[in-house]
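This report refers to the structure that appears directly beneath it.
Residue numbers (the working numbering): 1198 to 1473.
Next comes the structure, spelled out in structure tokens:
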């Protein structure tokens, strides 16, 4: 009887473990992805230096205007207007606007456009470290709702590594451009077999994740409180781009005019052309 009892007890424990595992099928995979995404964000903050690249080598920058509270703006670098960014409109589609900047520390200024007798004003003045010889994504983001209410329009600009290496096939990544929203996790695909992007914080991007096929379901979750309700849930995702998109998180859950939204920014950076 004792043998039968222990066998029965063992069976009950195993069944409980299986059921528990079914409720959290992604835990091990999520942990591995968190390490990769942490490394990707560390590289954004402190890009590794390339010894073979001159410190003033040009970098290819693609610019995305994600300031939902502002219309067209103009951009200058080190006090000089950037022709391609003379009238930078809020992003709607495509990969963004490409410009070439010399590597090193640069002063970025974003100006409002003149309207009638109203003179342009500086909306943002911020120093950026442009990594020489690379591709980078420059995201201009607006202020959180509480700052807008108090007329403290604190804008910000963030550089994220944009080089995709030898990645092949369909892939995706997440870039956080939603001020006032803490770190987020994004779960792409069915709950039974999700692709995780973990603990992505403002102004940073996750690592690239290969996808077997475009997913039809996504959830944006708090990276701090995993038990909280999803910040954003879409069970009928329409892939607006072909190939490998960057999912850019913008807006805020408490902002009725500009709610939390995931934009799909198209395309890899164009291939570098050989100098004649």
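Quick reminder that beta carbons are idealized off the backbone N, C-alpha and C, glycines included. All values reported here derive from a predicted model rather than from experimental measurement.
Whole angstroms are fine: how far does the CA of residue j sit from the CA of residue i?
i, j, result
"residue 1327", "residue 1299", "7 angstroms"
"residue 1249", "residue 1235", "26 angstroms"
"residue 1457", "residue 1400", "15 angstroms"
"residue 1395", "residue 1229", "9 angstroms"
"residue 1281", "residue 1291", "15 angstroms"
"residue 1428", "residue 1398", "14 angstroms"
"residue 1296", "residue 1285", "12 angstroms"
"residue 1237", "residue 1403", "6 angstroms"
"residue 1393", "residue 1459", "15 angstroms"
"residue 1556", "residue 1434", "Since the displayed the chain opens at 1198 and closes at 1473, residue 1556 lies outside it and no answer follows."
"residue 1333", "residue 1312", "32 angstroms"
Kindly give me the distance between the Cβ atoms of residue i and residue j, rounded to whole angstroms, as I take these residues to be in contact under 8 angstroms.
i, j, result
"residue 1370", "residue 1405", "5 angstroms"
"residue 1307", "residue 1321", "4 angstroms"
"residue 1445", "residue 1367", "Between residue 1367 and residue 1445 the Cβ distance is about 18 angstroms, and since that is not below 8 angstroms, they are no contact."
"residue 1419", "residue 1379", "7 angstroms"
"residue 1270", "residue 1294", "About 12 angstroms separates the two Cβ atoms, so there is no contact after all."
"residue 1447", "residue 1265", "6 angstroms"
"residue 1414", "residue 1432", "5 angstroms"
"residue 1337", "residue 1263", "6 angstroms"
What did DSSP end up calling residue i once you bin it into helix, strand or coil?
i, result
"residue 1408", "coil"
"residue 1256", "strand"
"residue 1316", "coil"
"residue 1227", "helix"
"residue 1457", "coil"
"residue 1399", "coil"
"residue 1429", "strand"
"residue 1280", "helix"
"residue 1537", "Outside the modelled stretch of the chain, which goes from 1198 to 1473, sits residue 1537, for which no answer is possible."
"residue 1263", "strand"
"residue 1340", "coil"
In terms of alpha-carbon separation, which member of the options lies closest to residue i?
i, options, result
"residue 1283", "1291, 1292 and 1273", "1273"
"residue 1303", "1329, 1227, 1289 and 1290", "1329"
"residue 1252", "1261, 1260 and 1331", "1331"
"residue 1388", "1374, 1430 and 1407", "1430"
"residue 1451", "1317, 1314 and 1375", "1375"
"residue 1310", "1381, 1267, 1447 and 1277", "1267"
"residue 1390", "1382, 1409, 1402 and 1351", "1409"
"residue 1231", "1381, 1462 and 1278", "1381"
"residue 1386", "1377, 1407 and 1412", "1412"
If you measure from the beta carbon of residue i to each beta carbon in chain C, is any gap under 8 angstroms?
i, result
"residue 1276", "Absent from the structure is chain C; it holds one protein chain and no more."
Between the stretch 1251-1264 and the stretch 1421-1432, do at least 3 Cβ pairs fall closer than 8 angstroms?
Short answer: they don't touch.
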